[in-house]
Amino acid sequence: MKKSKRIVVVLIVTTGLLMPVVGLLFADKLVPVLGPVVPRPDGVPKQAAAAYSFKDGIFWRWRRAMSHGCANWMAMDLWATVTLARGQEHCDGKGRSLHYASFDAHVVFDRGGDAWIGGRPCPFTVPSSEIAEYLKLAREARYAADTDEERAMLKQVEQRLSAANGTKLTTDHTGGCNDLQPADYAVPPKPHRDVWSPN
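Be aware that the sequence shown starts at 160, since it is given in the working numbering, and climbs by one per residue.
Structural data, given as structure tokens:
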């Protein structure tokens, strides 16, 4: 084999071996740029921005502002989360919020505080007037949603809020308090249909 052919073969092999390493090292920079051409999971609207983390892989984020607050979304292929913040001043993630993950059968008020053991009495209450405001925001977000999956998730939030009792919340391992009752922790969980995942 001629010397020039050996050099070409070595370059091709080296490039082939380094591409996965370079891809992993720079994926967090490449994915946002390539986002418009990366296939989106069902339910992710066109305005969503692609992002990448080594732990989670490719995920999508989008925000929908409404007159009473905003809905901040994050989604992957098999699940999604939505955080509802009341009032535009809280849309940056600070202040009171309501969180729902498609794979959970409960909503979480003020997620992200101190890490607690789940299932204990919540150290705070949420007045029924505040629950009603979250319910109004969830409906507003559902009417503004672009996809059936978004609407289905927000419908589940509305159902949870309609039955929520803000004086009987329990601690959630994410740091907030959820709408489960202490008795819910004493029995096996009820089946929950994840409306985001097709399976």
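Using N, Cα and C, we set each Cβ at its ideal position, and we do this for glycine too.
Since the structure is predicted, the reported quantities are computational estimates derived from the model, not experimental observations.
What do you reckon, are the CB atoms on residue i and residue j nearer than 8 Å?
| i | j | result |
| --- | --- | --- |
| F218 | A210 | yes |
| L243 | S226 | no |
| H332 | G246 | no |
| L339 | T329 | yes |
| I290 | A323 | yes |
| M233 | R220 | yes |
| M235 | D251 | no |
| Y259 | V316 | yes |
| A264 | P348 | yes |
Assign residue i to one of two classes, buried (16 or more other C-beta atoms within 10 Å of its C-beta) or exposed (fewer than that).
| i | result |
| --- | --- |
| L184 | Confidence at L184 is low in this model, with a pLDDT of 41, below 50, so its placement is unreliable and the value that follows should be read with caution. The residue in question, L184, is exposed, as its Cβ has fewer than 16 Cβ neighbours within 10 Å. |
| P106 | Residue coverage of the chain in this structure runs from 160 to 358, which leaves residue 106 outside it and unanswerable. |
| L293 | Note that residue 293 is Tyr in the sequence shown here, rather than Leu. Buried. |
| Q206 | exposed |
| V203 | buried |
| A297 | buried |
| A304 | buried |
Could you check what DSSP says for residue i in three-state terms: helix, strand or coil?
| i | result |
| --- | --- |
| P280 | strand |
| M233 | strand |
| F185 | Interpretation of F185 is limited by its pLDDT of 45, a score under 50 that renders its predicted location unreliable; the figure taken from the coordinates is listed afterwards. Three-state DSSP puts F185 in a helix. |
| S287 | helix |
| R245 | strand |
| L294 | helix |
| R301 | helix |
| V267 | strand |
| H227 | coil |
Could you give the C-beta distance for residue i and residue j, rounded to a whole number, given that I count them as a contact under 8 Å?
| i | j | result |
| --- | --- | --- |
| P350 | G325 | Contact flag wrong, Cβ pair sits at about 26 Å. |
| G335 | R270 | 4 Å |
| N337 | V241 | At roughly 15 Å, the Cβ-Cβ gap does not stay under 8 Å, so N337 and V241 are not in contact. |
| W238 | S261 | 5 Å |
| V354 | E308 | 6 Å |
At which residue ranges does the stretch 306-354 contain complete alpha helix (DSSP H) runs of 4 or more residues, listed in the order of the chain?
-> 307-322
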